[in-house]
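A.B. asks: Counting in our numbering, the sequence shown runs from 367 upward without gaps. We put the CB at the ideal spot given by N, CA and C, even for glycine. Attaching a single structure in structure tokens format; questions to follow.
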Amino acid sequence: ERRVLVVCGSGGVGKTTTAAALAVQAAVRGRRVLVCTIDPSRRLATSLGLDRLPDKPRLLDLDRVAPDRDRAGALWAMTLDTKRTFDALVVKHAEGAAARRRILENRFYQQVSSALAGSHEYMAMEKLLELSADERFDLVILDTPPTRHALDFLEAPERLMGFLDTGILRWFVRPYFVAGRLTLKVATRTGALALKLADNVLGLQFLQDLSEFFLAFEGMYAGFKERAGRVRALLRSDEAGFVVVAGPGALSLDEALYFHRRLDENGMPFVAFLVNRVHPDPAQGFPATRSAADVDDDLAEALVEVFQDQRRLAKADRRSIDRLEGLTSEGAILVPEFDADVHNLGELKETGDVMFGVGTGRRGRGRTSPRRPAATGARR
367 ERRVLVVCGS GGVGKTTTAA ALAVQAAVRG RRVLVCTIDP SRRLATSLGL
417 DRLPDKPRLL DLDRVAPDRD RAGALWAMTL DTKRTFDALV VKHAEGAAAR
467 RRILENRFYQ QVSSALAGSH EYMAMEKLLE LSADERFDLV ILDTPPTRHA
517 LDFLEAPERL MGFLDTGILR WFVRPYFVAG RLTLKVATRT GALALKLADN
567 VLGLQFLQDL SEFFLAFEGM YAGFKERAGR VRALLRSDEA GFVVVAGPGA
617 LSLDEALYFH RRLDENGMPF VAFLVNRVHP DPAQGFPATR SAADVDDDLA
667 EALVEVFQDQ RRLAKADRRS IDRLEGLTSE GAILVPEFDA DVHNLGELKE
717 TGDVMFGVGT GRRGRGRTSP RRPAATGARR
């Protein structure tokens with residue numbers, strides 16, 4: 367069984383609800399599950415019916431929503447605090463107390479430890495490595511942040527490491543600062559002009575803070591790279607899997623197709639497509655509860671118009687999903703559009719039941735392509 371499940375996709379497709387619903391289902395079936403969000407918004411807390419989530423695992427009570435569940439299972443939830451995770455890494459891995467203090471007190475570090483491009487995603491990778499080794503959990507489900515491009519989650523940490531190791535700013539400031547001290551005498555006229563420009567644009571105090579940060583951080587690069595390599599190895603192993611979430615629209619499904627292809631190119635194990643908010647075809651199982659003679663003509667005309675609109679939407683969704691399945695030879699788990707958002711564990715349980723094809727409550731029953739049974743796709 368997989369130990370790590372990464373739920374990913376572009377923004378606004380229901381990744382957080384999907385991750386939480388899968389976590390509830392796995393816990394009900396006997397897994398000891400942690401669902402962790404690295405989305406800076408509070409969507410996971412909202413879905414779980416909580417005001418906020420801590421940055422450490424919080425055990426949730428499943429007894430009310432699943433009294434007959436497998437008692438071996440349990441569910442924890444948490445959110446990632448980028449700054450605290452970065453600080454904890456510095457405390458743990460800095461070369462001595464002096465280096466640790468210089469980094470944590472450095473003004474450049476304090477500004478960028480939570481805001482530098484890629485830092486959020488890199489800290490998620492570090493936290494994933496830590497949580498996957500925690501013996502309390504046999505499954506970690508990671509809810510990735512909404513991104514303009516789904517691959518940002520995988521590529522941003524490597525870009526951050528490239529910046530820290532050989533970035534242009536590091537290359538620029540090293541000639542002028544040694545052991546945190548400013549050297550105003552530079553070897554070339556070009557260097558002098560560059561230093562003058564930097565002073566005008568950035569200020570020498572900023573450059574000094576920047577230099578001191580890089581010098582203090584020097585001994586930590588190897589450890590960061592080594593752990594990043596371990597995370598990449600984990601995400602390429604059979605112990606991990608990726609669920610790609612999309613909406614039924616053509617643009618969202620094209621993004622899912624591209625992400626699927628890149629996962630394949632990088633040797634990362636794909637588990638399933640999950641298409642949220644699919645318009646069901648009202649002609650399938652349409653209840654004939656009243657005779658036409660009992661319905662007002664205007665109402666009947668309006669109902670026919672709504673019926674036809676819904677059929678058009680359902681057919682458009684089906685064409686897009688058929689294309690997705692045809693191009694990948696992978697089935698998709700289809701989750702219908704619901705009338706309301708999810709706001710508590712009970713609704714998450716019902717949503718997960720729909721994903722697994724066993725929904726019988728107010729949220730109805732989901733549908734899955736015959737190429738991939740729902741329970742297999744979602745479970746793994």
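(1) Does DSSP classify residue 469 as helix, strand or coil?
(2) With a Cβ-Cβ cutoff of 8 angstroms, do residue 468 and residue 584 count as a contact?
(3) Roughly how far, in whole angstroms, is the beta-carbon of residue 497 from the beta-carbon of residue 503, given that I think they are within contact range, below 8 angstroms?
(4) Quick check on DSSP: helix, strand or coil for residue 377?
(5) For residue 385, tell me which candidate among 684, 639, 676, 673 has the shortest Cα-Cα distance.
(6) Measuring CB to CB, does residue 431 end up less than 8 angstroms from residue 715?
(7) Would residue 449 and residue 480 qualify as a contact pair, given that the criterion is a beta-carbon distance under 8 angstroms?
(8) CA-CA distance, residue 371 and residue 631?
(9) Taking the alpha-carbon positions, what's the residue 487 to residue 673 distance?
(10) Nearest CA to the CA of residue 593: which residue from 700, 625, 492, 379?
(11) Distance check for residue 369 and residue 500, CA to CA, integer angstroms please.
(12) How is residue 385 classed by DSSP in three states: helix, strand or coil?
(13) I'd like to check one pair, residue 694 with residue 623: are the Cβ atoms closer than 8 angstroms?
(14) Check whether the Cβ atoms of residue 435 and residue 394 lie closer than 8 angstroms to each other.
(15) Enumerate in chain order the residues of its own chain whose CB-to-CB distance from residue 733 is below 6 angstroms, with the five nearest sequence positions on each side excluded.
(16) Would you say residue 415 and residue 709 are within 8 angstroms of each other, going by their C-beta atoms?
(17) Taking 7 angstroms as the limit between beta carbons, can you name the residues of its chain near residue 605, skipping five residues before and five after?
(18) Check whether the Cβ of residue 709 sits closer than 7 angstroms to any heavy atom of the ligand FAD, and report yes or no.
(19) Among 428, 590, 607, which one has its Cα closest to the Cα of residue 455?
(20) Going by DSSP, name the residue or residues bridged to residue 607.
(21) Give the DSSP-derived three-state secondary structure of residue 687 in the structure shown.
(22) What residues in its chain sit with their C-beta under 8 angstroms from that of residue 472, if we drop five residues either side in the sequence?
(23) What does a CB cutoff of less than 7 angstroms around residue 635 pick up in its chain, not counting 5 residues either side in sequence?
(24) Assign residue 703 to buried or exposed, taking buried as 16 or more other Cβ atoms, counted over all protein chains shown, within 10 Å of its Cβ.
(25) For residue 428 and residue 379, what's the separation of their Cα atoms in angstroms?
(26) Taking residue 399 as part of the beta strand (DSSP E), name the residues at either end of that continuous run.
(27) Rounded to the nearest angstrom, how far is the Cβ of residue 382 from that of residue 409, given a contact under 8 angstroms?
(28) Per DSSP, residue 509 is paired with what?
(29) On the CB-based measure, 16 or more other CB atoms within 10 Å of its CB, does residue 641 come out buried or exposed?
C.D. replies: According to the structure shown:
(1) Numbered from its first residue, the sequence shown carries residue 469 at position 103. Three-state DSSP puts residue 469 in a helix.
(2) Position 102 of the sequence shown, counted from the first residue, corresponds to residue 468. Position 218 of the sequence shown, counted from the first residue, corresponds to residue 584. Not closer than 8 angstroms, so no.
(3) As a working mapping, residue 497 is identified with position 131 in the sequence shown. As a working mapping, residue 503 is identified with position 137 in the sequence shown. That belief holds up - the Cβ atoms of residue 497 and residue 503 are roughly 7 angstroms apart, short of 8 angstroms.
(4) For the purposes of this step, residue 377 is taken as residue 11 along the sequence shown, with counting starting at 1. In this structure, residue 377 counts as coil in the three-state DSSP scheme.
(5) Looking up residue 385 in the sequence shown gives position 19. Here the closest residue by C-alpha is 639.
(6) For the purposes of this step, residue 431 is identified with residue 65 of the sequence shown, where counting begins at 1. For the purposes of this step, residue 715 is identified with residue 349 of the sequence shown, where counting begins at 1. Against a cut-off of 8 angstroms, the Cβ pair of residue 715 and residue 431 comes out as a contact.
(7) Along the sequence shown, read from residue 1 onward, the residue named residue 449 stands at position 83. Along the sequence shown, read from residue 1 onward, the residue named residue 480 stands at position 114. A contact, by the Cβ cut-off of 8 angstroms.
(8) Translated into the one-based positions of the sequence shown, residue 371 becomes position 5. Translated into the one-based positions of the sequence shown, residue 631 becomes position 265. Looking at the two C-alpha atoms, the distance is approximately 19 angstroms.
(9) The count along the sequence shown starts at 1 and reaches residue 487 at position 121. The count along the sequence shown starts at 1 and reaches residue 673 at position 307. Across the structure, residue 487 and residue 673 are spaced so that their CA atoms are roughly 44 angstroms apart.
(10) Position 227 of the sequence shown, counted from the first residue, corresponds to residue 593. Among 700, 625, 492, 379, the Cα nearest to that of residue 593 belongs to 492.
(11) Walking along the sequence shown from the start, residue 500 turns up at place 134. Walking along the sequence shown from the start, residue 369 turns up at place 3. Roughly 11 angstroms separates the two Cα atoms.
(12) By one-based count along the sequence shown, residue 385 stands at place 19. Residue 385: helix per DSSP, three-state reduction.
(13) Counting from 1 along the sequence shown, the entry for residue 623 is found at position 257. Counting from 1 along the sequence shown, the entry for residue 694 is found at position 328. In this structure, residue 694 lies closer than 8 angstroms to residue 623 by Cβ.
(14) Taking the first residue of the sequence shown as 1, we reach residue 435 at position 69. Taking the first residue of the sequence shown as 1, we reach residue 394 at position 28. Result yes, Cβ atoms of residue 435 and residue 394 sit closer than 8 angstroms.
(15) What you label residue 733 is simply residue 367 of the sequence shown in a count that begins at 1. With a pLDDT of only 48 at residue 733, under 50, the local geometry of the prediction cannot be trusted, and no value is derived from it.
(16) Position 49 of the sequence shown, counted from the first residue, corresponds to residue 415. Position 343 of the sequence shown, counted from the first residue, corresponds to residue 709. Contact flag set, yes.
(17) As a first step, residue 605 must be located in the sequence shown, where it is residue number 239. The residues are 368, 369, 370.
(18) Annotation note on the ligand FAD: not contained in the displayed structure, which lists no ligands.
(19) By one-based count along the sequence shown, residue 455 stands at place 89. Ranking 428, 590, 607 by Cα distance to residue 455 puts 590 first.
(20) Here residue 607 refers to the residue found at position 241 when the sequence shown is read from its first residue. Note: residue 607 is bridge-paired with 371 in the DSSP secondary-structure output.
(21) Here residue 687 is taken as the residue at index 321 of the sequence shown, counted from 1. In the structure shown, residue 687 sits in a helix (DSSP, three-state: H, G or I).
(22) If you number the sequence shown from 1, residue 472 lands on position 106. Cβ within range, chain order: 575, 578, 579, 582.
(23) Taking the first residue of the sequence shown as 1, we reach residue 635 at position 269. Cβ neighbours of residue 635 beyond the five flanking positions: 604, 606, 607, 608.
(24) Numbered from 1 along the sequence shown, position 337 holds the residue referred to as residue 703. Result: exposed.
(25) As a first step, residue 428 is located in the sequence shown; it is residue number 62 there, counting from the start. As a first step, residue 379 is located in the sequence shown; it is residue number 13 there, counting from the start. Residue 428 and residue 379: Cα-Cα distance of roughly 26 angstroms.
(26) Walking along the sequence shown from the start, residue 399 turns up at place 33. Looking at the DSSP string, the run of the beta strand (DSSP E) that includes residue 399 is 398 to 403.
(27) Within the sequence shown, residue 382 is the residue found at index 16, counting from 1. Within the sequence shown, residue 409 is the residue found at index 43, counting from 1. About 4 angstroms; that satisfies the 8 angstroms criterion.
(28) The count along the sequence shown starts at 1 and reaches residue 509 at position 143. Note: residue 509 sits in a beta bridge opposite 373, 403.
(29) Translated into positions along the sequence shown, residue 641 becomes position 275. With 16 or more neighbouring CB atoms inside 10 Å of its own CB, residue 641 falls in the buried class.
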